[in-house]
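Contents: one structure, followed by commentary.
Here it is as structure tokens:
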């Protein structure tokens with residue numbers, strides 16, 4: 083289950099274990115993923131539920147997280163978002179759009195040299211904060227950026 | 590043919606990997622304009638990437654990632670020629686994978 087992966091990643095030897103598992107072919111992309119899809123978190127209807135589901139409750143505000151997203155998005159169906167964490171030891175980057183019907187959008191575990199940076203494009207139902215959660219060294223950090231949406235992109 | 594377009598190029602001592610994946614990313618909340626029926630959820634829920642045989646990214650997604658998803662990430666210490674594999678699975682058991690070499 084999901085908690086298992088989180089615990090493996092959290093442990094002191096977590097990164098080494100994941101690396102060992104990867105080189106043993108246990109995490110072979112396309113064949114098997116490290117954890118089951120976190121249904122409870124992704125289907126949560128509010129931010130509190132989503133944060134509880136990913137273990138992100140009680141996150142501390144950080145100015146070491148940079149969210150690069152447009153101030154105004156004319157079309158909510160494709161809003162580019164880049165998240166950069168300057169927090170040493172960043173292990174996970176989590177992305178939410180706070181007023182979407184299901185706020186949690188993505189949860190990335192990064193390892194083996196991956197930089198603490200992700201760029202993607204999201205759907206936004208309405209004007210809202212985009213929130214990033216960063217997990218590093220057993221601690222949870224967060225930052226937000228508001229994006230004004232002219233035409234919502236969730237169609238319901 | 591993979592439905593994933595990928596570009597992996599060195600920038601300084603990191604590989605910059607950009608992907609575009611063909612997928613409708615239906616949330617399950619959208620109604621068909623003609624029938625008024627909900628369109629069933631159909632979205633990529635797992636994405637992984639490996640460089641030179643090591644997993645670098647293990648992601649879970651919701652239907653709230655934009656259709657035909659774009660994903661960019663960077664990997665420090667990668668080298669020209671390293672093999673990059675990006676794979677996804679969706680909530681209906683669909684999957685796709687692509688391989689490229691860092692240029």
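Chains as they are written, first to last, in the working numbering: chain A, 83 to 238; chain B, 590 to 692.
Ideal Cβ positions, reconstructed from N, Cα and C, are used throughout, including at glycine.
Closest to residue i by C-alpha separation, out of the options, would be which residue?
i                     : options                    : result
residue 205 (chain A) : B:608, B:647, B:659, B:593 : B:659
residue 172 (chain A) : A:153, A:187, A:182, A:200 : A:200
residue 613 (chain B) : A:149, A:160, A:233, A:217 : A:160
residue 117 (chain A) : A:197, A:136, A:233, A:198 : A:136
residue 653 (chain B) : B:686, B:670, B:618        : B:618
residue 157 (chain A) : A:115, A:218, A:207        : A:207
residue 670 (chain B) : B:689, B:684, B:621, B:683 : B:689
residue 138 (chain A) : A:147, A:176, A:115, A:170 : A:176
residue 141 (chain A) : A:218, A:153, A:236        : A:218
residue 672 (chain B) : B:627, B:687, B:635, B:662 : B:687
residue 606 (chain B) : B:637, B:624, B:626, B:685 : B:637
residue 599 (chain B) : B:634, B:623, B:620, B:662 : B:662
Would you say residue i faces chain E, with C-beta separation under 8 Å as the test?
i                     : result
residue 133 (chain A) : The structure shown has no chain E; the protein chains it does contain are A and B.
Strictly below 9 Å CB to CB, what residues from chain A border residue i?
i                     : result
residue 613 (chain B) : In chain order: nothing, as chain A lies at least about 12 Å away.
To which residues of the same chain is residue i closer than 6 Å at the C-beta, ignoring the five residues directly before and after it?
i                     : result
residue 604 (chain B) : 597, 664, 667, 691
residue 151 (chain A) : 163, 212, 227, 229
residue 608 (chain B) : 593, 595, 660, 675
residue 198 (chain A) : 167, 172
residue 186 (chain A) : 123, 124, 132, 178
residue 678 (chain B) : 635, 684
Run down chain B in chain order and give the residues with a C-beta less than 7 Å from the C-beta of residue i.
i                     : result
residue 202 (chain A) : 654, 658, 659, 660
residue 194 (chain A) : 643, 644, 645
residue 120 (chain A) : 649
residue 189 (chain A) : 648, 649
To which residues of the same chain is residue i closer than 7 Å at the C-beta, ignoring the five residues directly before and after it?
i                     : result
residue 180 (chain A) : 129, 210, 211, 213
residue 110 (chain A) : Any reading at residue 110 (chain A) is ruled out, since the residue's pLDDT is 44, under 50, leaving its predicted position unreliable.
residue 611 (chain B) : 592, 657
Taking 8 Å as the limit between beta carbons, can you name the residues of its chain near residue i, skipping five residues before and five after?
i                     : result
residue 112 (chain A) : Interpretation of residue 112 (chain A) is limited by its pLDDT of 42, a score under 50 that renders its predicted location unreliable; the figure taken from the coordinates is listed afterwards. Answer for residue 112 (chain A): no residue qualifies.
residue 105 (chain A) : Any answer about residue 105 (chain A) is weak, because its pLDDT of 47 lies below 50 and its placement is not dependable; what the coordinates show is given next. Nothing meets the Cβ criterion.
residue 147 (chain A) : 165, 166, 167, 168, 169, 214, 216, 223, 224, 225
Give me the Cβ distance between residue i and residue j, rounded to the nearest whole Å; I'm assuming they're in contact under 8 Å.
i                     : j                     : result
residue 163 (chain A) : residue 202 (chain A) : 6 Å
residue 680 (chain B) : residue 639 (chain B) : The pair is not a contact, with the Cβ atoms about 22 Å apart (cut-off 8 Å).
residue 236 (chain A) : residue 183 (chain A) : 6 Å
Listing by chain order, which chain B residues have their CB less than 8 Å from the CB of residue i?
i                     : result
residue 197 (chain A) : 603, 662, 663, 664, 665
residue 182 (chain A) : 653
Can you name the residues of chain A whose CB is closer than 7 Å to the CB of residue i?
i                     : result
residue 683 (chain B) : What residue 683 (chain B) touches in chain A: nothing, since even the nearest Cβ is about 12 Å away.
residue 624 (chain B) : Within 7 Å Cβ-Cβ: nothing; residue 624 (chain B) doesn't reach chain A, min ~14 Å.
CB of residue i to nearest heavy atom of the ligand HEM: below 7 Å?
i                     : result
residue 141 (chain A) : Here there are no bound small molecules, and the ligand HEM is not part of this structure.
Name the chain B residues whose beta carbon is nearer than 9 Å to that of residue i?
i                     : result
residue 159 (chain A) : 655, 656
field: the stretch 180-196 of chain A touching the stretch 641-649 of chain B, judged by at least three CB pairs closer than 8 Å
entry: yes
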